[in-house]
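Numbering of the sequence shown is given in our numbering, commencing with residue 578 and proceeding in unit increments. Written below as structure tokens is the structure these notes are about.
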Amino acid sequence: MSIKDIASAKLPEMIDNRRHMHMHPELSFKEKETYKFILNHLSKYPDLHIRENVGANKENEGVGIIASIGEGHPHIAIRADFDALPIEDQKEVAYKSQNPGVMHACGHDGHTSTLLGLVDTVVANKANLKGTVSFIFQYGEEEQPGGAKAMTEDGALNGVDKVYGQHYWSQFDTNEIQARPGALIASPDGFYITIKGSGGHAAYPDTTVDPIVIAAELITNLQTAVSRQISPIDNAVVTVGSVKGGDAFNVIPDSVRIVGTVRTFKQEVKEKIHEIFKQEVEYTTKKRGASYDMDYRYGYPAVVNHEEEAKVIETAALELGLPYKEADPLMIGEDFSHYILEKPGAFFYTGTGNQDKNTRHAHHTDMFDLDEDGMESALMMFMKILELESVIEWK
578 MSIKDIASAK LPEMIDNRRH MHMHPELSFK EKETYKFILN HLSKYPDLHI
628 RENVGANKEN EGVGIIASIG EGHPHIAIRA DFDALPIEDQ KEVAYKSQNP
678 GVMHACGHDG HTSTLLGLVD TVVANKANLK GTVSFIFQYG EEEQPGGAKA
728 MTEDGALNGV DKVYGQHYWS QFDTNEIQAR PGALIASPDG FYITIKGSGG
778 HAAYPDTTVD PIVIAAELIT NLQTAVSRQI SPIDNAVVTV GSVKGGDAFN
828 VIPDSVRIVG TVRTFKQEVK EKIHEIFKQE VEYTTKKRGA SYDMDYRYGY
878 PAVVNHEEEA KVIETAALEL GLPYKEADPL MIGEDFSHYI LEKPGAFFYT
928 GTGNQDKNTR HAHHTDMFDL DEDGMESALM MFMKILELES VIEWK
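Here it is as structure tokens:
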């Protein structure tokens with residue numbers, strides 16, 4: 578059978594698994610039933626070497642799973658994540674979330690059902706293995722510090738030569754594959770600043786240290802400093818997402834809290850912006866007689882694809898006859914970066930956007946859904962990647 582025939586035959590089961598997961602989503606670091614569901618699927622194969630609770634440490638229970646088959650090299654790992662988001666599912670579909678306030682709004686249910694489908698196909702073709710394949714099922718991608726860091730620290734990639742992953746993307750046409758060598762996904766940092774002034778009556782601002790005015794000045798200063806000190810070629814974004822202070826029209830509050838994010842691709846730019854923040858917050862508050870607290874949190878590293886492995890993805894798509902585009906870098910965040918900081922590898926997008934099927938809704942929104950036909954293309958991609966990496970022949 579061809580790769581296309583195998584993937585097409587597997588699609589109905591992948592859809593069933595995806596819809597089960599969609600109906601039973603679990604938040605990051607709380608994915609116990611999902612963990613059991615995955616283990617139950619894997620446990621029917623005696624040829625798999627299954628490692629449970631990967632990533633467990635003093636901070637989390639670690640419900641990562643790694644299943645491996647074969648021996649020797651090449652040793653290729655494929656990763657999928659399986660956590661959901663704190664969003665109320667508003668879709669009226671048979672597989673609507675049954676867990677109030679929790680929803681698979683980013684496609685992780687599809688990622689995992691596709692990887693389970695890959696497990697099935699590799700096990701069915703175990704006689705044709707020429708190396709080792711590891712299937713990494715990762716928890717906690719949506720919530721920092723994420724599951725990838727803990728799993729890699731726990732030896733998830735021991736013995737692995739290369740690692741690949743993919744993400745379904747509703748803004749790309751169904752079955753379209755996008756990737757690129759180099760920077761693909763940004764590093765998302767967060768900042769949490771509290772400006773401490775001295776409140777009072779709104780009629781007498783001269784007797785106060787007004788934190789709202791200082792906050793407004795600081796926001797402008799930060800945007801100006803970053804736009805003037807960072808090259809526009811370096812794709813740095815600073816966004817303030819929340820400003821909170823005061824409850825009454827005639828009262829100047831004692832404090833204002835500013836929360837936002839910084840997105841970058843280069844480590845040196847990331848560090849430079851952190852220094853800009855330190856300088857600007859110190860300068861702006863002190864000159865106005867205020868004080869401050871700042872918590873600046875580094876997020877996931879940027880996803881920077883290795884050139885050779887990105888070329889494998891492009892070759893796989895073209896040889897399969899799938900539409901391929903070189904991706905524009907996206908300013909989102911993704912902890913797959915931890916894997917390819919440790920081993921060569923690459924990440925790609927599989928389009929699942931289809932207006933006729935109402936699957937163009939943005940990720941992390943309450944109407945998000947997948948065009949499940951895209952799962953066949955993703956399975957084909959992983960099968961072809963394993964073939965190109967000379968770890969298996971499909972017969």
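Idealized CB from N, CA, C, for every residue including glycine.
- When the beta-carbon positions are compared, Y877 and H851 stay at least 9 Å from each other.
- Around the beta carbon of Q743, a 10 Å sphere encloses 16 or more other beta carbons of the protein chains shown; the residue is thus reported as buried.
- Looking from the CA of K635, the closest CA among G910, Q856 and A727 belongs to A727.
- Bounds of the beta strand (DSSP E) holding F924 are G922 to G930.
- Rounded to the nearest angstrom, the Cβ distance from V679 to A701 is 33 Å, too far for a contact under 8 Å.
- In this structure V670 is exposed. Its beta-carbon is surrounded by fewer than 16 other beta-carbon atoms within 10 angstroms.
- With fewer than 16 other Cβ atoms from the protein chains shown falling within 10 Å of its own Cβ, Y860 counts as exposed.
- For a cut-off of 8 Å, the C-beta gap from A879 to S808 is around 16 Å, too long to register as a contact.
- Runs of the beta strand (DSSP E) lying entirely within the stretch 590 to 660, each at least 3 residues long, are 626 to 631, 641 to 647 and 652 to 658 in chain order.
- The three-state secondary structure of V880, taken from DSSP, is strand.
- As the crow flies, the alpha-carbon of G694 is around 24 Å from that of K920.
- In the same chain as S775, and ignoring 5 residues on each side of it, the C-beta atoms closer than 7 Å to its own belong to T785, V786 and D831, in chain order.
- Taking 9 Å as the cut-off, the beta carbon of N594 is found no closer than this to the beta carbon of T698.
- With contact defined as three or more Cβ pairs closer than 8 Å, the stretch 912 to 930 and the stretch 734 to 742 are in contact.
- By the CB criterion at 9 Å, T838 and N812 fall outside the cutoff.
- Using a Cβ distance threshold of 9 Å, L899 and E753 count as a contacting pair.
- Per DSSP, reduced to three states, the secondary structure at T892 is helical.
- Look at H681 here: in three-state DSSP terms it is coil, with no helix or strand label.
- When DSSP states are grouped into helix, strand and coil, M908 belongs to the coil group.
- The alpha carbon of A633 has as its nearest neighbour, out of A725, S954, S747 and H652, the alpha carbon of A725.
- For A793, there is no enclosing beta strand (DSSP E); the enclosing alpha helix (DSSP H) covers residues P788 to Q806.
- Look at the stretch 812 to 863 and you find these whole runs of beta strand (DSSP E), each 3 residues long or longer: 814 to 821 and 832 to 841.
- As DSSP reads the structure, P765 sits in a beta bridge with R840.
- For S914, the enclosing alpha helix (DSSP H) starts and ends at S914 to E919.
- As the crow flies, the alpha-carbon of D933 is around 11 Å from that of T751.
- The stretch 642 to 659 and the stretch 706 to 716 touch, with three or more beta-carbon pairs separated by less than 8 Å.
- DSSP places T771 in the strand class (E or B) of the three-state scheme.
- Beta-carbon to beta-carbon, K668 and D950 are separated by about 18 Å, too far to satisfy the 8 Å threshold.
- Ranked by Cα distance from I791, the options R865, A586, E608 and A682 are led by R865.
- The beta carbon of A802 sits closer than 7 Å to the beta carbons of I853 and E857 from its chain, once the five residues preceding and following it are set aside; these are given in chain order.
- Non-local beta-carbon contacts of K843 in its own chain, meaning distances under 7 Å to residues more than five positions away in sequence, involve D811 in chain order.
- The criterion of a C-beta distance shorter than 9 Å is not satisfied by M958 and A887.
- By the CB criterion at 9 Å, G822 and P788 fall inside the cutoff.
- Sorting M944, A760 and I835 by C-alpha distance to the C-alpha of G922 places A760 at the top.
- Judged by DSSP in its simplified three-state form, A867 adopts coil rather than helix or strand.
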